[in-house]
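Chemist: Structure incoming, see below.
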Amino acid sequence: MDIAVKITLVASLVLMGYNISEFILSYESVCEKTEEFRKMVDEVQEGAIRRSNFILSLFLSAVFTALTYWAGLALWITAVVALKLLFSLCCSDLTLLHVLRVGDLTKKFYMLSKVDSLVNAALGLGIAMIVVL
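Right, here's the structure in full:
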């Protein structure tokens, strides 16, 4: 088994596990985490927080997309992964912007994050299954 395939398998399982843990969090838990986050970044500029979130998320998404390519998956699978992770990046930025400007997490953004986490978990599981099979 090629090293890129092994790393892709591990990264897919990490993606799946992290998103499952995000999916099962209750609204109250997410609100508590949001409040702690707001206290931590109270004195930091909005642009700096959004920029660091964007750069980190974009880097991780690009690495995972590159891994799917290097693992020899079909180009259309790599393209679907890239588009899905780009959508997640946009959702993350919208949620972060809402939290920074409004101060709390509404049910609408909570549900958006739940759906995004569930689809990302399915994506991680799907890529892991494709790599193994």
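In terms of our numbering, the sequence shown is residues 1024 to 1156.
Cβ coordinates follow ideal geometry from the N, Cα and C atoms, glycine included.
All of these numbers come straight from a predicted model, not from anything done at the bench.
Quick check on the burial criterion: 16 or more other C-beta atoms within 10 angstroms. Buried or exposed for M1039?
Modeler: Per the 10 Å Cβ criterion, buried.
Chemist: Quick one: what's got a C-beta closer than 6 Å to D1127's C-beta in the same chain, skipping five residues either side?
Modeler: Within the same chain, D1127 has no close Cβ partners at all.
Chemist: By alpha-carbon positions, which one of V1033, E1045, K1029 and A1034 ends up nearest to D1139?
Modeler: Of the candidates V1033, E1045, K1029 and A1034, the one whose C-alpha sits nearest the C-alpha of D1139 is E1045.
Chemist: Can you tell me where the alpha helix (DSSP H) with E1066 in it begins and where it stops?
Modeler: Where E1066 is concerned, there is no enclosing alpha helix (DSSP H), given that its DSSP letter is neither H nor E.
Chemist: Is F1132 closer than 8 Å to H1121 when the C-beta atoms are compared?
Modeler: Going by C-beta atoms, H1121 is nearer than 8 Å to F1132.
Chemist: Which term fits I999, buried or exposed, when burial requires 16 or more other beta carbons within 10 angstroms of its beta carbon?
Modeler: What the structure shows of the chain is the stretch from 1024 to 1156, and residue 999 is not part of that stretch, so it cannot be assessed.
Chemist: Rounded to a whole number of angstroms, what is the C-alpha to C-alpha distance between A1097 and I1047?
Modeler: Cα to Cα, the separation comes out at about 31 Å.
Chemist: Under a Cβ-count criterion, where at least 16 other Cβ atoms within 10 Å of its own Cβ denotes burial, should F1087 be classed as buried or exposed?
Modeler: With 16 or more Cβ atoms within 10 Å of its Cβ, F1087 is classed as buried.
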